[in-house]
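Enquirer: Okay, handing you the structure first.
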Amino acid sequence: MIEFEGISKRYSDGTLAVDDVSFTVEEQSIVVLLGSSGSGKSTLLGMVNRMIEPTRGRVLIDAHPVTDTDPVQLRRSIGYVLQSSGLLPHRSVIDNVATVPRLKGETRAAARAKALHFMEVVGLEASLGNRFPAQLSGGQQQRVGVARALAGESDILLMDEPFGAVDPIVRLDLQREVRRLRRDLAKTIIFVTHDIDEAFALADRIVVLRPGGRIAQIGTPTQLMSEPADEFVSQFIGAGSSRRLRIEGSLVVDATGRILGALEK
Ligand SMILES: Nc1ncnc2c1ncn2[C@@H]1O[C@H](COP(=O)(O)OP(=O)(O)O)[C@@H](O)[C@H]1O
Ligand SMILES: [Mg+2]
3 MIEFEGISKR YSDGTLAVDD VSFTVEEQSI VVLLGSSGSG KSTLLGMVNR MIEPTRGRVL
63 IDAHPVTDTD PVQLRRSIGY VLQSSGLLPH RSVIDNVATV PRLKGETRAA ARAKALHFME
123 VVGLEASLGN RFPAQLSGGQ QQRVGVARAL AGESDILLMD EPFGAVDPIV RLDLQREVRR
183 LRRDLAKTII FVTHDIDEAF ALADRIVVLR PGGRIAQIGT PTQLMSEPAD EFVSQFIGAG
243 SSRRLRIEGS LVVDATGRIL GALEK
C-alpha cells in the first residue's frame, strides 16, 4: 500500500505544484492521477521513488516512509515508465531491459535471461532483443520500457503518461496489457494521464487534480460519473470524454451501449 500524507511541494522558484494532497493506493490496485497539464501529477509521482522530495508531508510504502530508504536504492527497486521511453539508444533492447538486474549485481547471463522473460511477458519477441531502440516502433519501444520496469521485480509500477506518443490502436493494446500486469503479476500501479478515456479504461480509483495541485475528487470511475463533487469535475469529465457516458438505471453505459460498470451503493 502507498500512502500520500498531507503532501505539498513548492519548487525553489516559488511555484506551488502540489497543495496538501492525501490519498491511498491499495495493494494490487491501479490508481490514476488525472488532471490537465501542470496540475502536479508528475510531481506527485516522483515523490514515490524520491526523484522529488516533498516540501511538506510524507509518502509511505507499506507503512514505511520512503525517506527511510536510500534514493538510489529506491529508484532501482521501483519500476518507472515514462512517455519518452527513456531507453539507452546505444544499447540493445535486451541490455536495456537487463539494466536493473545488472545494477543489482546479477551476472550478465542471468540478467539477460530475466530480460528475455520480461520481454515475453509484455509481448515482445526474443528476436527483437538484439535491435537498438530506434529500430523499433513507438509501441514496441513503450513495451520495452514496461519490460525494463518489470525487470526490477518491484511490486510497484509508476507510469507517467507512458502511452501519450503512440497511436490510438496500439494505445488500447498497451492499456489492456497494464490491466493484465496488475492482475497476473499482482502489481500496484500509479498511472498518470491527462486523458479521461484512458483514466476510465484503467483505473480502480481516479484522483482528479485541479490546477494548483489540489485534489478535486477521488473516486471510482462510476462514482465520478454519478456523483461529481462539483462543477469543475463534471465539466472536466464531461468535456474531455469522447465516450459520452450516460447512466441507465444503475448502470454506466457508453455511446455504443457498452456497459462499463454499475453504480455503487
Ligand atoms: N523543477 C521544477 N521547478 C519549478 N517548477 C516546476 C518544476 N517541475 C514542475 N514545475 C511546475 O510545477 C507544476 C506542476 O508540474 P507537474 O508536476 O510537471 O505537472 P503535470 O505532470 O500535471 O503536468 C507546474 O506549474 C510546473 O510548471
Ligand atoms: Mg507530467
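FYI, in our numbering the residues of the sequence shown are 3 to 267.
We treat Cβ as the ideally placed atom computed from N, Cα and C, and that holds for glycine.
#1: Hey, Gly42 and Leu174: beta-carbon distance below 8 Å or not?
#2: May I ask whether a heavy atom of ligand 1 can be found less than 7 Å away from the beta carbon of Ala167?
#3: Relative to the alpha-carbon of Val83, which residue among Gly215, Val146, Pro91, Arg207 has its alpha-carbon at the smallest distance?
#4: Just curious, the beta strand (DSSP E) that Lys106 is in, first and last residue?
#5: Could you check whether the region 212 to 221 touches the region 179 to 188, counting it as contact only if at least three pairs of C-beta atoms, one from each stretch, sit closer than 8 Å?
#6: Which partner residues does Gln219 have in the DSSP bridge list?
#7: Taking the Cβ atom as the reference point for each residue, do Val33 and Ala205 lie within a distance shorter than 8 Å?
#8: Apply the 10 Å Cβ neighbour rule to Val168 and answer buried if 16 or more other Cβ atoms are within range, or exposed otherwise.
#9: For the candidate residues Ile191, Leu226, Ser87, whose alpha-carbon lies nearest to that of Glu28?
#10: Smallest Cα separation from Arg114: which of Ser139, Leu159, Ala149?
#11: At a cut-off of 7 Å, is Ala19 close to ligand 1 when judged by its beta-carbon and the heavy atoms of the ligand?
#12: Roughly how far, in whole angstroms, is the beta-carbon of Leu62 from the beta-carbon of Val209, given that I think they are within contact range, below 8 Å?
#13: Leaving out five residues before and five after Arg58 in sequence, what residues of the same chain have Cβ atoms less than 6 Å from its Cβ?
#14: Please tell me whether, using a cut-off of 7 Å, the distance from the CB of Thr45 to the nearest non-hydrogen atom of ligand 1 is below it.
#15: My understanding is that Val123 touches Asp162, with C-beta atoms under 8 Å, so please give their C-beta distance in whole angstroms.
#16: Between Pro170 and chain C, is there a C-beta pair that is closer than 8 Å?
#17: Can you give, in chain order, each stretch of the alpha helix (DSSP H) that sits fully within the region 168 to 195 and has at least 4 residues?
#18: For Gly8, I'd like the list of residues in its chain whose CB is within less than 7 Å of its CB, leaving aside the five on either flank, ordered along the chain.
#19: In the structure shown, what three-state DSSP assignment does Thr45 receive?
#20: For a test of the three-state rule: what should DSSP assign to Arg77, helix, strand or coil?
#21: Can you tell me the Cα-Cα spacing of Arg93 and Ser14, whole angstroms?
#22: Per DSSP, what are the beta-bridge partners of His119 in this structure?
Expert: According to the structure shown:
#1: As a working note, residue 42 is residue 40 in the sequence shown. As a working note, residue 174 is residue 172 in the sequence shown. Going by C-beta atoms, Gly42 is not nearer than 8 Å to Leu174.
#2: Within the sequence shown, numbered from 1, the residue matching residue 167 stands at position 165. No, ligand 1 has no heavy atom inside 7 Å of this Cβ.
#3: For the purposes of this step, residue 83 is taken as residue 81 along the sequence shown, with counting starting at 1. That would be Val146, whose Cα lies nearest to the Cα of Val83.
#4: The residue labelled residue 106 in the question sits at position 104 within the sequence shown. Careful: Lys106 lies outside any beta strand (DSSP E) and carries neither H nor E.
#5: no
#6: Numbered from 1 along the sequence shown, position 217 holds the residue referred to as residue 219. Val210.
#7: Position 31 of the sequence shown, counted from the start, is the residue given in the question as residue 33. Position 203 of the sequence shown, counted from the start, is the residue given in the question as residue 205. In this structure, Ala205 lies closer than 8 Å to Val33 by Cβ.
#8: The residue you call residue 168 lines up with position 166 of the sequence shown. Its Cβ being crowded by 16 or more others within 10 Å, Val168 is buried.
#9: Position 26 of the sequence shown holds residue 28. Cα-wise, what sits closest to Glu28 is Ile191.
#10: Here residue 114 refers to the residue found at position 112 of the sequence shown. It is Ala149 whose Cα lies nearest to the Cα of Arg114.
#11: Walking along the sequence shown from the start, residue 19 turns up at place 17. Yes, the beta carbon of Ala19 sits closer than 7 Å to at least one heavy atom of ligand 1.
#12: Position 60 of the sequence shown, counting from 1, holds the residue named residue 62. Position 207 of the sequence shown, counting from 1, holds the residue named residue 209. With 8 Å as the limit, Leu62 and Val209 do not qualify as a contact, their Cβ atoms being about 16 Å apart.
#13: Position 56 of the sequence shown holds residue 58. Cβ within range, chain order: Ser10.
#14: Taking the sequence shown and counting its residues from 1, the one referred to as residue 45 is at position 43. Indeed, a heavy atom of ligand 1 lies less than 7 Å from the Cβ.
#15: Working through the sequence shown from its first residue, we reach residue 123 at position 121. Working through the sequence shown from its first residue, we reach residue 162 at position 160. Not a contact, Cβ separation roughly 21 Å.
#16: Within the model displayed, chain C is absent; a lone protein chain is all it includes.
#17: 170 to 187
#18: For this step, residue 8 is matched to residue 6 along the sequence shown. Here the set comprises Asp22, Ser24, Arg58, Gly59.
#19: Stepping through the sequence shown from its first residue, residue 45 is reached at position 43. Residue state, collapsed to three classes: helix.
#20: Your numbering for residue 77 matches position 75 in the sequence shown. The answer is helix: DSSP assigns Arg77 an H, G or I state.
#21: Position 91 of the sequence shown, counted from the first residue, corresponds to residue 93. Position 12 of the sequence shown, counted from the first residue, corresponds to residue 14. Their backbone Cα atoms lie some 35 Å apart in a straight line.
#22: By one-based count along the sequence shown, residue 119 stands at place 117. The partner list for His119 (beta bridge, DSSP) is empty, contrary to what the question assumes.
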